[in-house]
Amino acid sequence: MSKFHRFSIGSSEVVVLSDGNTAFPGPFLMIGVDENEQLEACRKHQLDHAAVESNMNCVYVNLNGNRILFDTGAGSTLPGCGQIFDAMDSAGISPAEIDYVVHTHLHLDHVGSNVDSSGKPAFPNARYLLGETEWAFWSDEENLASLDRAEFWKLPDFEPAMAATARTSVLAIREHVDTFPDDAEPLPGVRAIPAFGHTPGHLAYEVDLGTETLFITGDLVLSPFHIDHARWFPAVDLDPEQAVASRAKVFNAAADKGALVSGYHLPFPGIGRLSRGDDGWNWVDEFAMSTP
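Residue numbers for the sequence shown follow numbering that gives the first Met the number 0, beginning at 0 and rising by one.
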């Protein structure tokens, strides 16, 4: 069943659109963590250690007259995904209405629905926006060739697919792509925050909703236990030390502001608030799980 969650802040509308979910083995998400600690973390969050659920929470924001979609989901690149268009239809949002697709980064589970089955932009009237550093990495054919050989993350089950999806879902529609400086405000009310480490140019975004602030955090965490444990990281963080530092920078800023936070891979709808904790942060869901 397609899922969406809609809420309004002043004149701004926010809709979380589920692209579905997939699962990863616990050890893949908790590199270097003692197995007993892994099991305890999964028990705390009622997760299956053998197959930790990973959600795909894309966020639509109608802000200052601009209809913005943050990331497009995994599409057909991962099992259990490809539901964003059903969710949009259920929410009464047409792909043709989207003015801007704004990417946190270009991993396949964030760009998988950029194009339709014919290879044309799935959001035909949108500009696709991304930071300069991320674009520089993924638009470099030498880097893509290295990904084909699994030379960056050392993940042969993932890297060739990452390269293939970058070619078909981003480079193939480059005439629809605009880049911006990594610390810029690409749209009114949307400020980019360099949050490198997961990928070379991973970004978070601070969205000014008037009376509230919403942080779009991309893949700063892949599961709730990354919130509890500030230094835990998954196998897909290219530079784990940098990724951990980026998480702390963005999460501390969100906690200090008392802001709303969107977690792309957290349990749907993945909207909550953070406070600083002893070893990480405390998370409080803003909304209970809901269906349309």
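We put the CB at the ideal spot given by N, CA and C, even for glycine.
task: Compare the C-alpha of Y59 against each of D156, D147, I97 and name the closest.
output: I97
message: For F23, count the other beta carbons within 10 Å of its own beta carbon; 16 or more makes it buried, fewer makes it exposed. Which is it?
response: buried
- request: Check whether the Cβ atoms of H175 and P120 lie closer than 7 Å to each other.
  value: Yes, these two residues count as a Cβ contact at 7 Å.
message: With the cut-off set at 7 Å, would you say A125 and L16 are in Cβ contact?
response: Using a Cβ distance threshold of 7 Å, A125 and L16 do not count as a contacting pair.
task: Could you check what DSSP says for D85 in three-state terms: helix, strand or coil?
output: helix
task: To the nearest angstrom, report how far apart V100 and Y127 are at their CA atoms.
output: 5 Å
message: Could you compute how far the alpha carbon of Q82 sits from the alpha carbon of G19?
response: In a straight line, the C-alpha of Q82 is about 6 Å away from that of G19.
- prompt: Could you give the residue range of the alpha helix (DSSP H) that holds H109?
  reply: 107-110
query: Any idea which residues DSSP pairs V191 with across the strands?
result: Note on identity: in this sequence residue 191 is Ala, with Val being the wrong assignment. According to DSSP, which records beta bridges pairwise, A191 is partnered with Y204.
message: Distance check for R246 and F195, CA to CA, integer angstroms please.
response: 9 Å
message: Classify Q37: buried if its beta carbon has 16 or more other beta carbons within 10 angstroms, exposed otherwise.
response: buried
query: How long is the line joining the alpha carbons of I67 and N61, rounded to whole angstroms?
result: 6 Å
- prompt: The alpha helix (DSSP H) with A73 in it runs from where to where?
  reply: Careful: A73 lies outside any alpha helix (DSSP H) and carries neither H nor E.
query: Whose CA, out of S112, L186, F224, lies closest to the CA of A165?
result: S112
task: Could you check how far apart the C-beta atoms of G271 and W280 are, in whole angstroms? I think they sit under 8 Å.
output: That belief does not hold up - the Cβ atoms of G271 and W280 are roughly 10 Å apart, past 8 Å.
- prompt: V32 to G91, Cα distance in whole Å?
  reply: G91 has its alpha-carbon roughly 43 Å from the corresponding atom of V32.
message: Residues in the same chain with beta-carbon distance under 6 Å from S289, minus the five sequence neighbours each way, listed in chain order, please.
response: Legend: pLDDT at S289 = 44, less than 50; position of this residue unreliable, no value from coordinates given.
- prompt: Leaving out five residues before and five after L186 in sequence, what residues of the same chain have Cβ atoms less than 7 Å from its Cβ?
  reply: N65, I67, Y99
query: From L77, S11, T71, K43, pick the residue whose C-alpha is nearest to that of L105; which is it?
result: T71
query: Curious, which full-length beta strand (DSSP E) runs of at least 3 residues does the region 107-178 contain?
result: Segments of the beta strand (DSSP E) lying fully in the region 107-178: 126-130.
query: In the structure shown, what three-state DSSP assignment does V220 receive?
result: coil
- prompt: Should F136 and P199 be called a contact, given that it needs their Cβ atoms to be closer than 7 Å?
  reply: yes
- prompt: Can you tell me the Cα-Cα spacing of E285 and G269, whole angstroms?
  reply: 8 Å
- prompt: DSSP state of F27, grouped into three classes?
  reply: For F27, the three-state secondary structure derived from DSSP is helix.
message: So the candidates are I226, L28, F27, V51; which of them puts its Cα closest to the Cα of A244?
response: I226
task: For S75, count neighbouring Cβ atoms within 10 angstroms of its own Cβ and tell me buried if that reaches 16, exposed if not.
output: exposed
task: Could you have a look at A50 and say whether DSSP puts it in helix, strand or coil?
output: Reduced to three states, the DSSP call for A50 is coil.
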